[in-house]
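Reviewing the structure listed below.
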Amino acid sequence: MAAVLAARAVAACRAVGVRRGTALASISAPVPRSATSWGAGAAQGKRSRGLASDAAASESPKAAPVPDLNDEDLAAISLKPRETVTRLDEYVVGQPDAKRAIAIALRNRWRRMRVESEMRDEIIPKNILMIGPTGCGKTEIARRLAKLANAPFVKVEATKFTEVGFHGRDVDTIVRDLVEASATLVKELRTKRVASQVERRVERKLLKALLGPEVASGGGSAVERAKWEAMLREGLLEDRSVELRLPADENPGLDISLPGGESYRMDAAALGLLDRLSGGDGDSQRFSLRRMSVRAARAALTKLETDKLVRSDDVKKEAVRLAEQHGIVVIDEIDKIVPGATGQRSRGDASDEGVQRDLLPLIEGTTVDVRKYGPVKTDHVLFVCSGAFHASKPSDMLAELQGRLPIRVELKGLTAEDLYRILTEPRANLLEQQKALMKAEGVTLEIDDDAIREMANRAAEINKSVENIGARRLYTVIERVMDDLSFEAAAMSEGTVVRLTKALVEEKLDALSKRGDLKKFII
Numbered sequence: 001m002a003a004v005l006a007a008r009a010v011a012a013c014r015a016v017g018v019r020r021g022t023a024l025a026s027i028s029a030p031v032p033r034s035a036t037s038w039g040a041g042a043a044q045g046k047r048s049r050g051l052a053s054d055a056a057a058s059e060s061p062k063a064a065p066v067p068d069l070n071d072e073d074l075a076a077i078s079l080k081p082r083e084t085v086t087r088l089d090e091y092v093v094g095q096p097d098a099k100r101a102i103a104i105a106l107r108n109r110w111r112r113m114r115v116e117s118e119m120r121d122e123i124i125p126k127n128i129l130m131i132g133p134t135g136c137g138k139t140e141i142a143r144r145l146a147k148l149a150n151a152p153f154v155k156v157e158a159t160k161f162t163e164v165g166f167h168g169r170d171v172d173t174i175v176r177d178l179v180e181a182s183a184t185l186v187k188e189l190r191t192k193r194v195a196s197q198v199e200r201r202v203e204r205k206l207l208k209a210l211l212g213p214e215v216a217s218g219g220g221s222a223v224e225r226a227k228w229e230a231m232l233r234e235g236l237l238e239d240r241s242v243e244l245r246l247p248a249d250e251n252p253g254l255d256i257s258l259p260g261g262e263s264y265r266m267d268a269a270a271l272g273l274l275d276r277l278s279g280g281d282g283d284s285q286r287f288s289l290r291r292m293s294v295r296a297a298r299a300a301l302t303k304l305e306t307d308k309l310v311r312s313d314d315v316k317k318e319a320v321r322l323a324e325q326h327g328i329v330v331i332d333e334i335d336k337i338v339p340g341a342t343g344q345r346s347r348g349d350a351s352d353e354g355v356q357r358d359l360l361p362l363i364e365g366t367t368v369d370v371r372k373y374g375p376v377k378t379d380h381v382l383f384v385c386s387g388a389f390h391a392s393k394p395s396d397m398l399a400e401l402q403g404r405l406p407i408r409v410e411l412k413g414l415t416a417e418d419l420y421r422i423l424t425e426p427r428a429n430l431l432e433q434q435k436a437l438m439k440a441e442g443v444t445l446e447i448d449d450d451a452i453r454e455m456a457n458r459a460a461e462i463n464k465s466v467e468n469i470g471a472r473r474l475y476t477v478i479e480r481v482m483d484d485l486s487f488e489a490a491a492m493s494e495g496t497v498v499r500l501t502k503a504l505v506e507e508k509l510d511a512l513s514k515r516g517d518l519k520k521f522i523i
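Under the UniProt record's numbering, the first residue of the sequence shown carries the number 1, and numbering increases by one thereafter.
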């Protein structure tokens, strides 16, 4: 039967022009269902499906459409610039100019949504270029921005892309990734909106499975029914066994392999449409009777009811709108696709300049056709590019690309004082992480302030004498200091207190500093 359905799908795709201009390379049919899932025969299977559909229709009233998302759902967009900077200060030390630029860009998106529609379309985001040495906080700001901005967000590396026509990913996949991230966000937010409604439906179905349809629908003793409801809500029946009619496939659909290594999954609704177009009954969903615990049944019913209320078509439509109006794209390592002043390319790839040219329309504003979602406009997507520009300068970029990144922010290199602040000020800093790890072994770790300063000073010295990798040098320093303790902590008795002093830090790091001093003699 599965093979027949697959053949119908191919025939219908060709007949109605599904995926116009794209050849179907192969179709992976789902694993054939067991006789239990399909019923004793075709007639019995159709009858059981009809009963299941009728039961579902009688139990659950028609779902009201879930309203579109608004600024209350995207709370971070409404943050004032000072509030955004304060949030970033909790995790990133210094770099006030970069934080201000990010804060203003986020606030301008909130302002734009409150402008008249005619003017709103004319206001485009001012894209940002962050310039600074490695380890100064560019990537960390982008990472925190992703958590702060409850909006569609994607971070990519410029070195992962190649010019159209070369083997590899082209820049249009950035838009696809953004829309996918938007769809995930929309589904999460809509799921939260319908959570209480889903909970009521699941409770009603569980009561029906436990007590029978008559009692669950209001028949029998009201006192008895109330008692069972209370036990169900308090979790006293989680291990009780119930029998439910559920979809035979937890993730019904059909996998279609396309040229270029990509794949597309047709969901149950699409399969039903194709089945009707090819002369079938349009019912691609099969049900089977399963026995499971109330705990497992609650999870299965929650997913089933959520999928009914959060319709995939609505999610896709809202995901495209959200990506177009609130999307944020961070392109890191953009300096690696910029040839130096002498014309020597930073990574020896002939397609580097082509990637810059491909990025031009994307950043300026274009329409990209994204599979499963349709056309997506990038006119109002905010792009934040960053790079160290060691072997090249921002002026070595294509002039057109420079013009599309009007806001330039220079991040400063980190001093010993900055490294000390990184070890003490941010929430969940590196030293607090080490304390938490030792606490898991029952060991209390205490660190003197002068020991922290010594670690910061040594990290700054090694950055100067060997190679400046910024705050990332602190990882090496801390791991060297903590090496013996990390190894021996498991053998220590519960409640042991270990104190890190300046003398101990000096002893651990002397060898590391000497090794750095000798490196300058290597030819």
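Ideal Cβ positions, reconstructed from N, Cα and C, are used throughout, including at glycine.
- Of all alpha-carbon atoms in Glu229, Ser182, Glu224, the one lying nearest the alpha-carbon of Glu203 is that of Glu229.
- With respect to Val171, Val330 sits apart: the two C-beta atoms are not nearer than 8 Å.
- The Cβ atoms of Val409 and Leu322 lie no closer than 8 Å to each other.
- Bridge partners of Gly387 according to DSSP: Ile131.
- Taking a contact as a CB-CB distance under 8 Å, the pair Leu405 and Asn127 counts as one, their CB atoms being some 5 Å apart.
- Listed as beta-bridge partners of Pro375 by DSSP are Asp369.
- Counting only runs that start and end inside the region 291–359, the beta strand (DSSP E) elements of at least 3 residues fall at 328–332.
- By the beta-carbon neighbour count (other beta carbons within 10 angstroms, threshold 16), Tyr373 is buried.
- In terms of CA proximity to Ser293, Leu236 leads the group Leu236, Ile337, Ala319.
- For Phe389 and Ala158, the gap between their C-alpha atoms comes out near 13 Å.
- Residue environment analysis places Val115 among the exposed positions, since fewer than 16 neighbouring C-beta atoms fall within 10 angstroms of its C-beta.
- Taking Leu360 as reference, the option from Arg371, Lys192, Ile334 with the minimal CA-CA separation is Ile334.
- Annotation note: the region 395–450 contains the following uninterrupted beta strand (DSSP E) runs of length 3 or greater, listed N- to C-terminal: 407–410, 444–447.
- The three-state reading of DSSP puts Ser288 in strand, counting E and B together.
- The alpha-carbon of Val368 is positioned some 11 Å away from that of Val179.
- Under the three-state reduction of DSSP, Ser241 is assigned to strand.
- Under the three-state reduction of DSSP output, Pro247 falls in the strand class.
- Between Lys502 and Ala451, the CB-CB gap stays under 8 Å.
- Secondary structure of Lys155 (DSSP, three-state): strand.
- The beta carbon of Glu324 lies closer than 8 Å to those of Val376, Lys377, Thr378, Asp379, His380, Val381 in the same chain, with the five residues before and after it left out.
- Taking the CA atoms as reference points, Glu238 sits about 17 Å from Arg225.
- Its chain contains Tyr420 as the residues whose beta carbon lies nearer than 7 Å to that of Arg453, once the 5 sequence neighbours on both sides are disregarded; these appear in chain order.
- Here the C-alpha atom of Leu362 lies approximately 48 Å from the C-alpha atom of Arg295.
- The shortest CA-to-CA distance from Phe383 to any of Ser392, Gly403, Arg371 is the one to Gly403.
- Judged by beta-carbon spacing, Val320 lies beyond the 8 Å limit of Arg190, meaning their Cβ atoms are not closer than that value.
- The Cβ atoms of Pro394 and Ile131 lie closer than 8 Å to each other.
- Counting only residues of its own chain and dropping the five nearest sequence neighbours on each side, Glu305 has a CB closer than 7 Å to the CB of Val198, Arg201, Val202.
- Pairing Ile462 with Gln434 gives a Cβ-Cβ distance that is not under 8 Å.
- The residue from Pro247, Gly212, Leu207, Arg245 with its alpha-carbon nearest to that of Met231 is Leu207.
- Val194 carries a coil assignment under DSSP once its states are collapsed to helix, strand and coil.
- Under DSSP, Phe487 takes part in no beta bridge, so it has no partner.
- In the assembly as shown, Thr84 is a buried residue. Its beta-carbon has 16 or more other beta-carbons within 10 Å.
- Taken through DSSP and simplified to helix, strand or coil, Leu362 comes out as helix.
- At the C-beta level, Asp418 and Val338 stay beyond 8 Å of one another.
- DSSP, reduced to helix, strand and coil, places Leu79 outside both helices and strands of the structure shown, so it counts as coil.
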